[in-house]
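In what follows, a single structure is set out as structure tokens and then discussed.
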Amino acid sequence: MVQLRRTVGLSRRDRPVTVGVVQIAQVNWSHRKRERFTVEDGVIVAQAGTWSNAAPSFSYIPYAVGTLQAFVQAHARDPDRYRWLLPVYKRLPIGELVAAMAEADVVGFSSYIWNVEQNLAAARELKRLRPDRLIVFGGPQVPARAEAFLRRYPFVDVVCHGEAERAFLQILEAHESGDWSDVGSISRLAEDGRFATARSLGRAKDLSAFPSPYLSGVFDPLIRANPGQGWMAMWETNRGCPYSCTYCDWGSAVASKVHRFDMDRLQAEMDWFARNKIRFLFICDANFGILPRDVEIARYLVDTYERHESFVNISIQNAKNQVERTYQIQRILTDSKVATFGATIAMQGVAEQTLKAIKRDNISISSFNELQRRFKRDGLDTYTDIIVGLPGETYESFASGIDLIIANGQHNRMTSYNCSVLINAEMGDPAYIARFGIESVPLRIIYQHDDIAISEGEDVHEFIDTIIATKSLDRADWRRARVFAWLVELLHFNRLLQIVFVTLNRAYGFSFREMVEAFTDAEPERYPVLSDMVAVLAGQAERIQAGHAEFIAAPDYLGIWWPADQFALLRLVGRGTLPAFYAEAEALLGAFVAGRRPADDLSLLRDALRVNAAAFRIPECFEDTEVVTGHNVVEVYQGVLAGEDVLPVRGRHRYRVDRTGLVWLSFDAWATDVVLQVYQRGQYVYPLTVVEAPGIEAERTARAELRETA
Numbered sequence: 009m010v011q012l013r014r015t016v017g018l019s020r021r022d023r024p025v026t027v028g029v030v031q032i033a034q035v036n037w038s039h040r041k042r043e044r045f046t047v048e049d050g051v052i053v054a055q056a057g058t059w060s061n062a063a064p065s066f067s068y069i070p071y072a073v074g075t076l077q078a079f080v081q082a083h084a085r086d087p088d089r090y091r092w093l094l095p096v097y098k099r100l101p102i103g104e105l106v107a108a109m110a111e112a113d114v115v116g117f118s119s120y121i122w123n124v125e126q127n128l129a130a131a132r133e134l135k136r137l138r139p140d141r142l143i144v145f146g147g148p149q150v151p152a153r154a155e156a157f158l159r160r161y162p163f164v165d166v167v168c169h170g171e172a173e174r175a176f177l178q179i180l181e182a183h184e185s186g187d188w189s190d191v192g193s194i195s196r197l198a199e200d201g202r203f204a205t206a207r208s209l210g211r212a213k214d215l216s217a218f219p220s221p222y223l224s225g226v227f228d229p230l231i232r233a234n235p236g237q238g239w240m241a242m243w244e245t246n247r248g249c250p251y252s253c254t255y256c257d258w259g260s261a262v263a264s265k266v267h268r269f270d271m272d273r274l275q276a277e278m279d280w281f282a283r284n285k286i287r288f289l290f291i292c293d294a295n296f297g298i299l300p301r302d303v304e305i306a307r308y309l310v311d312t313y314e315r316h317e318s319f320v321n322i323s324i325q326n327a328k329n330q331v332e333r334t335y336q337i338q339r340i341l342t343d344s345k346v347a348t349f350g351a352t353i354a355m356q357g358v359a360e361q362t363l364k365a366i367k368r369d370n371i372s373i374s375s376f377n378e379l380q381r382r383f384k385r386d387g388l389d390t391y392t393d394i395i396v397g398l399p400g401e402t403y404e405s406f407a408s409g410i411d412l413i414i415a416n417g418q419h420n421r422m423t424s425y426n427c428s429v430l431i432n433a434e435m436g437d438p439a440y441i442a443r444f445g446i447e448s449v450p451l452r453i454i455y456q457h458d459d460i461a462i463s464e465g466e467d468v469h470e471f472i473d474t475i476i477a478t479k480s481l482d483r484a485d486w487r488r489a490r491v492f493a494w495l496v497e498l499l500h501f502n503r504l505l506q507i508v509f510v511t512l513n514r515a516y517g518f519s520f521r522e523m524v525e526a527f528t529d530a531e532p533e534r535y536p537v538l539s540d541m542v543a544v545l546a547g548q549a550e551r552i553q554a555g556h557a558e559f560i561a562a563p564d565y566l567g568i569w570w571p572a573d574q575f576a577l578l579r580l581v582g583r584g585t586l587p588a589f590y591a592e593a594e595a596l597l598g599a600f601v602a603g604r605r606p607a608d609d610l611s612l613l614r615d616a617l618r619v620n621a622a623a624f625r626i627p628e629c630f631e632d633t634e635v636v637t638g639h640n641v642v643e644v645y646q647g648v649l650a651g652e653d654v655l656p657v658r659g660r661h662r663y664r665v666d667r668t669g670l671v672w673l674s675f676d677a678w679a680t681d682v683v684l685q686v687y688q689r690g691q692y693v694y695p696l697t698v699v700e701a702p703g704i705e706a707e708r709t710a711r712a713e714l715r716e717t718a
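Under this note's numbering, the first residue of the sequence shown carries the number 9, and numbering increases by one thereafter.
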């Protein structure tokens, strides 16, 4: 039984209790200074803001533990009895974390895959220093079946399951007496060593009982204590998810009706965000847009930031099958002058057998196509996520699914993620693992673009179980799928060959899949640069299967961790082999085209390659250039991106490539400004303008005459 130290002169029930809470954020990051220049009348000029001081670092406000404090302060029998330490909100050396919680009688840890090992290390030391301290764990990384966890980590006294506000209050009110009979939704080891699990409190249906930690002032002391800290905020407008995707412990845990916070609260919170200059807002709803009122919320959010003359970057998880509502919300946010937003159309997988295996009610291809059509018409960028290694997936279905996504209009960005196994998701159930033959390895959690020096200096590492093979996707096919996805990102979405692929697809009907796959077997003797590029990707896939980190540490490239596709791009540019890349791509794709259309010449391919090579942004390039072609390559490319039906035609065309509107004086400046901006893939291509084309002079004359007549 856990007991607190006695305080002389006070009864057990009346003495004060010091409470500490820890919620280490997944992401803590800072802006890198962007050094951008332009060339004006032959003079290199720094763009406005180039030499301004870097913005402060940004961390998430610890929302989850803030809800615990707000609930206790609102519903405890004697709220003043509890003294709350400032929460720990970011990763610290264990010694510093322990020192921050040294005065606490009770410490609550909110545990996720990215912080559970640090939480455990700190909890172990806190318990060693003071055995009567109560250690409480909650969050998604607490197993639903917690006995093994509690026996493995005996310094953890109690774990909370599900929503923790009510349980945490009951723990604080009950732990003095040691009577746990009225405490729900917890597990613990009893005094005699027996494992005990209390009844579940269930999900709360009336969310009005849960006060807002933002509005109740919980975070005010934290913000005052860190005046130089930039803040990101997590925000709930509802709770619940009606879906049960097997890879997600969200739906698997709470698949049920969606319950709402009232609009008065939400509007007040939006005012708080704008007033406190929250620049990054992560909307935590599982399916934003699933409720009709979500359109109103988006509109009020934009209006609020406009009223405060502020701006915000927003991240949401869209409702999958609410096409009209999703479109309205994204238009509101994207059209706003204060909200930076990209429309994510998540697919995860496409094949029917895969979607069935993961119990995902996916957005239909017709809905995907309709959203793409609307967003292209309106000039709005979209993004698509795909998962590598889902149960039921084969290499054939995976590669064909990506091809289908591109063919249906996704040319801006696709990001591929490795499938991971979460302990409370159905995918983590032993029976599910056996059924689909899942093989996984624990990978150290490192995020793309993390600083190498910081990651190497961490005293505790976090890990995530990552799928590297399944019954339908053996280890060799997993590597093929992983390399294929990286090649798609590198060649198409990083724009190295996007103009070429789009042109050949439009002219000859070649699938994007077969064009990408042509590079996977590049012979080292004939294509040394291409084969080396593929070898980098294949080697990283093998390292992942061997348990190494997902990303590649690159001391020579900004000293950070890079995704494999971006690392391969940096090597091409940094080593000066980009011209050789395009020369080898011409030879390889020339053989590819000749093998399928022997009667056609290769002039269209060569035209597209010349335009693509000239248009790809590179550092230390200070002069505009022009490209003359025998086909309307740029019109075809720009037409496809705009969703228009433009066919390749012969004729002399001359295009201007604007290389002076934005220049970089060094490789590092280019890598920072272009490659790091993963949500702005269009930056990879210089602006292209049609200078000469059949009929263009007649069109210009007609327009001039029309202006004179008007």
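Cβ atoms here follow ideal geometry from the backbone N, Cα and C, with glycine treated the same way.
Residue i: first and last residue of the uninterrupted beta strand (DSSP E) it sits in
i	result
Q661	Residue identity check: residue 661 is His in the sequence provided, not Gln. R658 to V665 is the span of the beta strand (DSSP E), which, as asked, contains H661.
F269	Taken as a continuous stretch (DSSP letters only), F269 belongs to no beta strand (DSSP E), as it is neither H nor E.
F203	F203 to T205
V699	L696 to E700
G146	L142 to G146
N426	R421 to N426
Simplified DSSP state of residue i, which is helix, strand or coil
i	result
S60	For S60, the pLDDT reaches just 42, beneath the cut-off of 50, and the residue's location in the model is therefore unreliable, although a value from the coordinates is still provided. Looking at S60 - three-state DSSP - the assignment turns out to be coil, as it is neither helix nor strand.
T402	coil
E111	coil
I475	strand
Q325	coil
I441	helix
V10	Here the model assigns V10 a pLDDT of 40, short of 50, so the residue's position is not dependable and the matter cannot be decided.
I194	strand
M435	helix
V682	helix
I410	helix
E48	strand
I454	coil
G186	coil
W258	helix
F176	helix
V25	strand
W122	coil
R132	helix
CB-CB length for residue i against residue j, believed under 8 Å
i	j	result
A88	V25	According to the sequence displayed, residue 88 carries Asp and not Ala. Between V25 and D88 the Cβ distance is about 11 Å, and since that is not below 8 Å, they are no contact.
V671	F624	Rounded, the Cβ-Cβ distance is 14 Å, inconsistent with contact.
V721	I194	The question about residue 721 has no answer here: the residues shown for the chain are numbered 9 through 718.
V167	A154	5 Å
R613	L597	Just to set this straight, residue 613 is Leu in the shown sequence, not Arg. Indeed they touch by this definition, with Cβ atoms about 6 Å apart.
Contact check, residue i vs residue j, beta carbons under 8 Å
i	j	result
A546	R487	yes
Y391	N420	yes
T334	G297	yes
T728	L505	Any question about residue 728 goes unanswered here, given that the chain covers just 9 to 718.
G192	A206	yes
A359	S323	no
H126	R99	Position check: residue 126 holds Gln in this sequence, whereas His was assumed. Yes, they are a contact pair.
I453	I121	yes
A233	L94	yes
A72	Q31	yes
L566	A679	yes
D615	V641	yes
L512	G397	no
T668	V47	yes
P219	N432	no
Extent of the continuous alpha helix (DSSP H) to which residue i belongs
i	result
F575	A572 to G582
M541	P536 to Q553
D228	D228 to A233
S374	I373 to D386
W486	R483 to L495
T75	Y71 to H83
Any non-hydrogen atom of the ligand MN within 7 Å of residue i CB
i	result
F157	The ligand content of the structure shown is nil, which means the ligand MN is not present either.
In chain order, each beta strand (DSSP E) run of at least 3 residues that lies wholly inside the segment 595 to 653 = 633 to 639
What residue ranges within the segment 285 to 347 form continuous beta strand (DSSP E) runs of no fewer than 3 residues, ordered along the chain?
-> 288 to 291 and 320 to 323
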